[in-house]
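To keep things clear, I will list the structure first and then write my remarks on it.
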């Protein structure tokens, strides 16, 4: 098969537009050849379990899966009885971007709460955390938070802890959608463990794809008492990879060195560079804190569409003109600078 | 990440134990680098659609997914209303190996029929195809067949056609689980189209993983009138790959040359070699026709377990002592010969 | 079996606390005796279809079911494909009081919108009605409104029409939860048809239980083109009564005379009487328009609980002290007056 | 509403064709009037709990529901985790007559076993009870038996005990579909407790409708350790009656006197009378043991259809000409005798 695309073209649309990090690809090559037991009894999945325990503690159990929606739905199903409901931010990926998979496949009710910045707090949780024992109400038995959030913000360790303490005091379990957990840890300068296991999170969707994997995520059960039946849930929900060695090898490559951190730090730094430069342009308003690898901004009408003729990115809120610019492990300084130049030029033209 | 396994060790357990074909891996490398639109608007998915149309006809529409269970459930959901039921062989993968995913996620009822050889016929379909309009009965509105079957047999084109004609005469749609479609086509010496599109199949789970992909299958809608909402079903059932270019590039590599056929032919030939050699051994009974890449045999009590100390393979029926030996694209003649030698030695010892 | 309760005790808790209207009970007695075909082929269900057509038009098709949650879930499932979502008011019964049945059993995503008075408008619908064709978003393909609403307000015919016209212009179907449709029609002084069929509603949950039936509701398909598979959906969702004659006979009794209207008018009048009297009391604030049979009020802290020692009713919003007083077909003027007297006495005591 | 049917016409089609027993109707009348707390906190439901404990033991907990399919699905859901499967007879109502409700709503996989007489045994259970720990297989964690069976046979106490002991030894729970439990107890001359609680059954669908109720069944949790979340499951699966007093009062009427036994004994006796008389006719073959209220027979081609011009009943197996004749609490000796006369006459004509 011959190459069909330009390997030097990059956008600010999504960290899913980026490809596979060379070290991850090298791991796939190493893991290839010969036979390995399918469905997770291979040597790479065994190694992954060790690596994960180093990051998340001895009680952590890891279940590689295909994608983030899968990781989220499995995690929540494993935490909850059939009648459970999940308190989450209105902007949570599980609420807005998964075509109802948590409801339809997970059989869960989501109790969504509007937030300022994509982050839940004990007070916000309380808006939906009530009605236990009332059979008419879907029972709020878990909280789901996203780290870093869909709005580019980051929960600090004490904020995660406050959410977990509060949830646990209400006998609710805590799930973290960590599709961009590495970006949060890089942003805070802490070990991933500090904002997950040590802060009281019960189960984690660990994200690999957005941080340089070809594909692959993992459900990480941090509190084994809270999670039930993951082995069966993974299969019955169609998230069990037969040649699992290739998912696990990628995750090992990401996590047994500091690749996860290097890539995340770099993406964050590129976002900061973009935010700083854009912020200096007349007519651009940065709308949210840039704490991870996403920049949110409002640009004048028409500018976004003209800019998109050269650089793909997404509208966040068409009503306000807010757009999202996303950086990834392979975004370069020149990419950022060229993009800002193009933005500056469009702004000049539009005056 | 360093290699953790012996790349020269091979077994007869499953075509899922094999790794990734070098040409497929090369395609992944080619598809890497730069940004490509996620979720299927990339250049490799566009190319895949062309390639698939060459194989399956102009009306074919292709939806890459993660795994075979996913492909099967999505296919069946897209064919059927909420109250639909599926007539299938009792030995069908959807009935025996998917932890109830068709029922639990697909909301389908399976109406299973015992068969001699894993193959449905119009007569066998009729055992469950009745009761339309009776609200108490799950409505039999689709037939699912597996090509090649879970028992290593192959439907000839006219057999598929007979199933499809009969099903269509009853207003039922036909799904084919083609996890090993390539092996069937190789066995029959026909184009894949002859046993799918041209024989009247409405929707196909096309298998890549068992034929040398790292991972990746595709739902191929052959009859667009029969299938509804695949775009949404794929996402809501957690089978939508974000970096889809890497699924598509693998399938392109498999299908734009004759790689699919070479690999399948080879696996079939190795199975035939194994069947022929084993058949000549006293104490071994070949139990089923070896039409694709699986050999089924009964060996004396104790032999299988001792042999398994060196070569992994699965029991098929513990009650009768029947075992399954599976060959894959990377099985060598020496692998087969060494295995048969080992089997012969165990048989000699056991006398 | 001997009587265990006081048949003269009545509360203001819910129209579900009331029993069965004598005319309805008489209909059950008439329908008893001998054999009738089960599951809906009986003479009373045939008669019900005629009666319903008189009320809702020639195209109306009626499916008796057990309860309101059942009617709602069946209606929505029949309108929507597996990937559909429903725009509804945040206060809708389907969103707040059905323990997630629409999501869990119906496999639907609800897209809830905050409202002032429990009523949707085209503008409010637009807050969630977007994203068609985006596979990541549950597809908004229906609107559900409640008539009269959970907040005791009533959509006028032109308001229903505006919702339906807007929904239809977006290719969305309209469901009406008519658990208290009779109260709305009585309040507006219109035929039920004017606020359902003639206003463009596609499918109706017609409520009987809250208007004097022992049990029993009906799904009424008003627009046959919009609804699919109700016969099968009813059975597979466990809402098919075997001795259906007894559900149908009750509904016939309610609807072939003006019983539905007499009972609804009376309940509304009792609510108006209560609202007027309570409104004159110092310390009581009527919080919502009393357009049907529910009165919402804020009473001083402590008053509600003391009053509840004699009269059962529910808190609506514990944070604000808002309570709900519900009248039913059997509420008497003396009941209302005695209740107001008791309230007045408590208020006096608390000063 | 006026009577639309002939209260003196009776058939042999189903015990669901019969109406409501006068004592049951009287109980509804007694329970009417005034207000009672809805959703199960009423006085009649409290009384029902006492009555049920007298029949089924102190640990029994009772949940009135609408219908038998509901009782079955709720029971099985409460016994099983999301990945559970149920071993049942191929002829079980849950497998053949509920339009897939256990799979679609309950998210259960059924593992059906062919039987001679509708009854499972430890040996038959073992055909499907295997594969625990294998994530590919739906996990067999419950057994469901029907008492009396769909084929008119009855498990004796020791047979139920053998099933329960065997299931429990495999860590499987036992559900009994007792739609016609009363007929079984009457047939055996034992207390219902002897073939349920005392024999080791964990949860029971107790049938009322087929034994003279207007409508109404109950889930009876016999072993509280085996069942989880029934309160929530009932609501979210749309089986929670608002005016529950009327379901409970009927069940009280059935069970606080010997009405349940009188009615069941009578229906059984009528079936025995019919079987004996038909058995003496040339050309009629009784095909199954008549142990409860159903008679199965093969009659010559054409006879059944001509007989049906006067008496409604169902084909059981169109291929063999087997029909089912069902007796109910209101079947009279004259009904039976007239039916046999008609059958005799048709047989004579056909010679």
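Protein chains in written order, with the numbering used here: chain A, 117 to 467; chain B, 117 to 467; chain C, 117 to 467; chain D, 117 to 467.
Think of the CB as a built atom: it goes at the ideal place given N, C-alpha and C, for glycine as much as any other residue.
Here the structure is a predicted model, which means the values were calculated and not measured.
Would you tell me roughly how many angstroms separate the C-alpha atoms of residue i and residue j, rounded to the nearest one?
i, j, result
"residue 363/B", "residue 181/A", "15 Å"
"residue 380/D", "residue 398/D", "29 Å"
"residue 319/B", "residue 229/B", "21 Å"
"residue 269/A", "residue 132/A", "19 Å"
"residue 174/D", "residue 166/D", "9 Å"
"residue 351/C", "residue 239/B", "29 Å"
"residue 302/C", "residue 176/C", "21 Å"
"residue 306/B", "residue 202/B", "28 Å"
"residue 457/C", "residue 417/C", "18 Å"
"residue 465/D", "residue 385/D", "29 Å"
In terms of alpha-carbon separation, which member of the options lies closest to residue i?
i, options, result
"residue 146/A", "389/A, 462/A, 365/A and 400/A", "365/A"
"residue 156/C", "356/C, 291/C, 457/C and 419/C", "356/C"
"residue 288/A", "339/A, 456/A, 350/A and 137/A", "339/A"
"residue 312/D", "264/D, 459/D, 285/D and 325/D", "264/D"
"residue 432/C", "257/C, 337/C and 412/C", "412/C"
"residue 162/C", "342/C, 415/C, 368/C and 138/C", "368/C"
"residue 316/C", "441/C, 414/C, 142/C and 341/C", "341/C"
"residue 310/A", "171/A, 164/A, 212/A and 148/A", "171/A"
So which residues of chain F does residue i contact, with C-beta pairs closer than 7 Å?
i, result
"residue 215/A", "Absent here is chain F; the protein component of the structure consists of chains A, B, C and D."
Quick one: which chain B residues come within Cβ less than 7 Å of residue i?
i, result
"residue 348/C", "199, 251 and 255"
"residue 372/A", "117"
Could you work out which residues of chain A lie near residue i, taking near to mean beta carbons separated by less than 7 Å?
i, result
"residue 345/D", "197, 198 and 199"
"residue 352/D", "199"
Residues of chain C with CB under 7 Å from residue i, in chain order?
i, result
"residue 193/B", "198"
"residue 94/D", "With chain D running from 117 to 467 in the structure shown, residue 94/D is simply not present."
Just mark residue i as buried or exposed, buried being the case when its beta carbon has 16 or more other beta carbons within 10 Å.
i, result
"residue 395/C", "exposed"
"residue 232/C", "exposed"
"residue 405/D", "exposed"
"residue 124/D", "exposed"
"residue 121/D", "buried"
"residue 266/D", "buried"
"residue 126/D", "buried"
"residue 434/A", "exposed"
Give the interface partners of residue i over in chain B, defined as CB-CB distance under 8 Å, in chain order.
i, result
"residue 226/C", "What residue 226/C touches in chain B: nothing, since even the nearest Cβ is about 15 Å away."
Taking residue i as the query, report the chain A residues whose CB atoms sit under 9 Å from its CB, ordered along the chain.
i, result
"residue 356/D", "251 and 252"
"residue 220/B", "221, 352 and 353"
Give the residues of chain C in contact with residue i, contact being defined as C-beta atoms less than 9 Å apart.
i, result
"residue 243/A", "The premise fails here: residue 243/A is roughly 10 Å from chain C at the closest Cβ pair, so nothing lies under 9 Å."
Using a C-beta to C-beta distance shorter than 8 Å, which residues of chain C count as neighbours of residue i?
i, result
"residue 445/D", "Under the 8 Å cutoff, chain C gives no residues; its nearest Cβ is about 12 Å from residue 445/D."
"residue 141/D", "144, 145 and 148"
Residue i touches chain B at which residues, Cβ-Cβ below 9 Å?
i, result
"residue 321/D", "Residues of chain B passing the Cβ test: none, with the nearest at roughly 17 Å."
Note to self: Output needed in chain order: residues of the segment 260-276 of chain A with a Cβ under 8 Å from some Cβ in chain B.
What the structure shows: Of all residues in the segment 260-276 of chain A, none places a beta-carbon less than 8 Å from a beta-carbon of chain B.
Next item on the list: Mind checking the segment 174-186 of chain B against chain A and listing, in chain order, the residues whose C-beta falls within less than 7 Å of any C-beta there?
Entry: Within the segment 174-186 of chain B, the residues whose Cβ lies closer than 7 Å to any Cβ of chain A are, in chain order, 182, 183, 185 and 186.
Next item on the list: Give the residues from the segment 117-132 of chain D that approach chain C closer than 7 Å (Cβ to any Cβ), ordered along the chain.
Entry: Closer than 7 Å at the C-beta level to chain C, one finds these residues of the segment 117-132 of chain D: 117, 118, 119, 120, 121, 122, 123, 124, 125, 126, 127, 130 and 132.
Next item on the list: May I ask you to list, following chain order, the residues of the segment 421-447 of chain B that have a beta carbon less than 9 Å from some beta carbon of chain A?
Entry: Sequence-ordered contacts of the segment 421-447 of chain B with chain A read 428, 444 and 446 [C-beta pairs closer than 9 Å].
Next item on the list: Using a Cβ-Cβ cut-off of less than 9 Å, give me the residues of the segment 150-170 of chain D that come near chain C, in sequence order.
Entry: Against chain C - using a Cβ distance shorter than 9 Å - the residues of the segment 150-170 of chain D are 150, 151, 152, 153, 154, 155, 158, 159, 160, 162 and 163.
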